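Just so it is clear: in the sequence shown, position 45 is 45 by the UniProt record's numbering, and no numbers are missing.
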Amino acid sequence: MVERTVVIVGMTGSMGSQALEVIKKMGSFRVLAGTYHSSFDKAQSLAKEYAVEKLICTKDGYEELEAFLEQRRPDIVMVCIPGFASLPVTLKALRTSKRVLLASKEALVCGGWLVKEAMKETSCELIPLDSEHSAVMQLYEPSVEGILLTSSGGALRDWKLEDLDRAKPEDVLRHPVWKMGKRITIDSATMVNKGFEVLEACELFQLQASQVEVLIHREGLVHAAVFLKDGTIKMHLGFPDMRVPIAYGLTYPDRRYEHRKWPNFAETQLRFQQVEKCRYPAFYLAYEIENDYAKRTAYNAADEVCVEAFLQGRIRFTDIARVLAKVVEKIEGTPRDLQDLKDVDEASRKLAEEVIEWL
Ligand SMILES: NC(=O)c1ccc[n+]([C@@H]2O[C@H](COP(=O)([O-])OP(=O)(O)OC[C@H]3O[C@@H](n4cnc5c(N)ncnc54)[C@H](OP(=O)(O)O)[C@@H]3O)[C@@H](O)[C@H]2O)c1
């Protein structure tokens with residue numbers, strides 16, 4: 001089998017390290033480089049364990065990574081870093097590789113049209129790694145009229161509404177289904193993560209947000225469904241395990257990863273419930289801003305600031321939605337390029353900090 005070359009951006013994170021595990025298990029991939037931001041020791045030990053040829057630190061900037069991609073032109077670049085920083089990296093990866101595996105939904109939330117423009121200029125494939133979007137990709141056909149994305153509801157899904165004010169970071173970081181990085185775990189509890197995923201799905205599958213339904217599904221077995229015009233519904237199921245969509249992205253259109261674990265349906269209940277607006281107000285913002293890239297960038301930037309502030313104990317859990325709503329309301333603009341988006345990102349962060357001060 002031909003060996004394919006891979007660069008993992010965000011190798012030290014939850015997604016990046018699972019990718020290394022999958023690669024080792026499947027063989028026939030060569031990891032040319034992996035990036036880290038602050039976890040030098042972890043990066044070194046992963047590099048040793050998984051034969052990663054080069055480590056690149058992104059803390060002081062992305063020039064070394066960009067030059068590496070330009071020079072080595074890997075077959076596959078996996079982008080799995082949180083936040084706005086994923087957008088310029090994704091654009092570069094699309095122009096220098098054959099396939100981008102995108103875990104960082106924030107790139108499509110903020111700069112979806114820039115990603116699509118870059119794809120038109122090249123023949124690079126873009127494959128989503130989010131389990132829900134990987135599922136839709138596997139189910140997709142042209143007669144899709146709507147899709148369902150499922151959500152766990154996050155760590156506070158069963159808390160009384162009046163107790164949410166008192167939630168501590170350690171409560172929110174206890175995700176009921178997935179073990180992930182801190183930001184996405186907090187974003188799961190506010191369901192901002194699902195708001196991002198609605199916008200991501202619109203970009204990937206040419207849908208309006210009104211065609212994307214979200215329901216809470218506690219068992220975590222159904223990842224997504226597509227609704228076809230003849231009344232057929234196709235659902236994608238599997239145990240929640242990110243290694244499966246990562247492996248699928250790496251080997252697409254083949255399926256080489258071997259896992260062989262399936263639920264026993266005779267003993268399994270599948271439940272779906274509405275996303276309550278009073279519990280998840282920040283999620284519903286996504287539907288209001290679908291056609292406005294300035295507000296979408298503000299949604300992400302303010303959320304990044306709020307998650308950090310919540311982790312530092314500077315704001316309450318319920319303040320996250322309040323700050324987001326304020327920042328999204330105030331930020332306006334018509335970004336035309338990456339620099340415009342960077343300006344919006346910066347302005348939104350500043351405003352979010354100001355709103356936090358006023359709380
Ligand atoms: N985890 C999941 O199951 C999952 C599922 C679907 C999608 N995603 C998406 O995948 C992305 C990564 O999530 P994760 O859970 O893997 O996060 P994570 O565990 O927090 O890892 C983040 C990775 O990005 C690096 N990083 C942090 N800030 C950075 C910056 N400003 N610039 C460059 N690199 C930076 C970190 O380096 P250091 O460790 O060295 O600081 C680490 O390698 C997010 O967009 C998330 O929404 C994750």
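Where is the CB? At the ideal position from N, CA and C, for every residue including glycine. None of these values were measured; they are calculated from a predicted model.
Can you tell which of the options has the C-alpha that lies nearest to the C-alpha of residue i?
i    : options                : result
L199 : R316, A298, I289, V307 : I289
C278 : D345, D163, A298       : D163
V8   : T122, E170, V192, E66  : Before going on, a small fix: residue 8 reads as Ile here, not Val. It is E66.
R296 : E329, Y62, K261        : E329
H236 : R243, V226, E219, E357 : V226
L215 : R322, A93, L148, G16   : L148
E346 : K229, D241, G83        : G83
K182 : V275, D303, G238, Y62  : D303
M191 : F29, V275, V177, C124  : V275
T150 : R336, K261, A201, G333 : A201
By how many angstroms is the C-alpha of residue j removed from the C-alpha of residue i?
i    : j    : result
G111 : E197 : 14 Å
D254 : H223 : 20 Å
I81  : I233 : 33 Å
E353 : L311 : 14 Å
S348 : V2   : 46 Å
S188 : R243 : 19 Å
D41  : D165 : 36 Å
I186 : S152 : 12 Å
S86  : M78  : 11 Å
M119 : K160 : 45 Å
S17  : A301 : 25 Å
Y50  : V327 : 42 Å
I184 : K59  : 20 Å
E64  : R72  : 12 Å
V305 : L351 : 10 Å
Quick check on residue i: does DSSP put it in helix, strand or coil?
i    : result
C306 : helix
H133 : helix
E290 : coil
I8   : strand
R218 : coil
Y252 : coil
V275 : coil
I81  : coil
A33  : strand
G112 : helix
M235 : strand
V172 : helix
T150 : strand
E53  : coil
I186 : helix
A67  : helix
L139 : helix
I127 : strand
F265 : helix
Short check: CB of residue i to CB of residue j, under 8 Å?
i    : j    : result
L204 : H259 : no
E70  : T90  : no
V6   : L32  : yes
Y284 : L324 : no
T286 : I320 : Per the sequence presented here, residue 286 reads as Ala, with Thr not at that position. Cβ distance not < 8 Å, so A286 and I320 don't count as in contact.
E219 : L250 : no
S143 : L207 : no
V115 : A103 : no
V52  : M26  : no
P240 : V177 : yes
L156 : I127 : no
V344 : A294 : yes
I315 : L359 : yes
H217 : F265 : no
Using a Cβ cut-off of 8 Å (strictly closer), state whether residue i contacts chain D.
i    : result
L149 : Structure shown: chain D not included; a single protein chain is present.
Is residue i close to ligand 2? I mean its beta-carbon at under 7 Å from any heavy atom of the ligand.
i   : result
E66 : Absence of ligand 2 from the depicted structure is noted, with ligand 1 being the only ligands included.
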